[in-house]
Amino acid sequence: PLPEVDQLPGELTAEDIAARVNSHARAIAPNRSTRLTAFIDVSQDLLWWAVVAWEDTFTGAVIDYGAWPDQRRPYYALRDANPTIKAATKIGSLEGSLYAAMNALADQLLGRDWLTDSGGKLRVERCLIDSGWGFSTSVVKRFCRASKWASLLMPSKGVGIGAKNPPMSDWPQKPGEKRGANWLVPAPKPGEGRMVLFDANHWKSFVHARLGTP
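In our numbering, the protein residues as written are 526 to 739.
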């Protein structure tokens, strides 16, 4: 059958993505990698996660990814999650089950050594957790402050900045902010820790362009 939506010029296909597979063994970082980062995306039934190895030139390689709880199969969707977070944690409340799930996943990702091709060892230096889903915002922020991995964790939120909006670099500088390339860490509010805001459209376009490079 014909596709329901016509492909846009420059749109990546499944074949394009597959051609960028780095051919490294799972959970093994390339030798030239100098640091690891992780990201956790939050939903009611699953936590989606990925670990990426980076070189100092910003060359990156996804070395492992998945969902918590482990779905024990190569292909699945949120709608058919089995087991779910609630089932795995045996906690009835949404906040309680999410907190327990993030705690277990943080131990899994941050409490281990990740090997390189040559047998060296790296550890995740920073892990961001998506706090944009309103039902989870408060529990994500609380977990990042209270976790034993608090020094490595930070809540994050993608900001949709359109072509007609000023880029983050043009936003007025405020006292206590930390800024980088299309991201910023605002000064913390009373009683809260820091979080990072990033230009979601910019970084989606950035990744798209890297995947489109021969």
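Note that CB positions come from ideal geometry on N, CA and C, so glycine has one too.
- Message: Does the stretch 616-625 come into contact with the stretch 582-591, if we say contact requires no fewer than three beta-carbon pairs (one atom in each stretch) closer than 8 Å?
- Response: By the Cβ rule, the stretch 616-625 does not count as touching the stretch 582-591, because fewer than three pairs are nearer than 8 Å.
- Message: Considering just the uninterrupted stretch of the beta strand (DSSP E) at Asp655, what are its terminal residues?
- Response: From DSSP, the beta strand (DSSP E) with Asp655 extends over 649-655.
- Query: Between the stretch 591-608 and the stretch 646-657, do at least 3 Cβ pairs fall closer than 8 Å?
  - Reply: No: the two stretches stay apart, fewer than three of their Cβ pairs being nearer than 8 Å.
- Task: For Gly621, name the three-state secondary structure that DSSP assigns.
- Result: Gly621 falls in the helix class under three-state DSSP.
- Task: Tell me the start and end of each unbroken alpha helix (DSSP H) in the stretch 642-705 that is at least 4 residues and wholly inside, in chain order.
- Result: The qualifying runs are 662-671.
- Start and end residues, alpha helix (DSSP H) containing Leu722: Unbroken run through Leu722 is the beta strand (DSSP E), 721-724; no alpha helix (DSSP H).
- Message: Less than 8 Å between C-beta atoms, sequence neighbours within five positions excluded: which residues of the same chain meet that for Leu603?
- Response: Closer than 8 Å at Cβ, skipping near neighbours: Ser568, Asp570, Leu571.
- Indicate the three-state DSSP secondary structure (helix, strand or coil) for Phe564 in the structure shown. It is a strand residue.
- Are the beta-carbon atoms belonging to Ser656 and Pro680 less than 8 Å from one another? Going by C-beta atoms, Ser656 is nearer than 8 Å to Pro680.
- Item | Sub-8 Å separation of Ala563 and Leu634 beta-carbons | Contact flag set, yes.
- Message: Helix, strand or coil for Ile616? Go by DSSP, reduced to three states.
- Response: It is coil, neither helix nor strand.
- Message: I'd like the ranges of any alpha helix (DSSP H) spanning at least 4 consecutive residues and lying wholly in the stretch 527-607.
- Response: Those alpha helix (DSSP H) runs which fall completely within the stretch 527-607 and span 4+ residues are 539-543.
- Item | Nearest to Val684 (by Cα), restricted to the options Pro713, Met693, Ser676 | Ranking Pro713, Met693, Ser676 by Cα distance to Val684 puts Met693 first.
- Query: Which one of Leu527, Pro555, Val530 has the shortest CA to CA distance from Gly645?
  - Reply: Out of Leu527, Pro555, Val530, the CA that lies nearest to the CA of Gly645 is found in Pro555.
- Message: Between the alpha carbons of Val530 and Ser676, how many angstroms are there, rounded?
- Response: Spanning the two alpha carbons is a distance of roughly 44 Å.
- Mark Ile565 as exposed unless 16 or more other C-beta atoms lie within 10 angstroms of its C-beta, in which case mark it buried. Counting the other CB atoms within 10 Å of its CB gives Ile565 a total of 16 or more, which places it among the buried residues.
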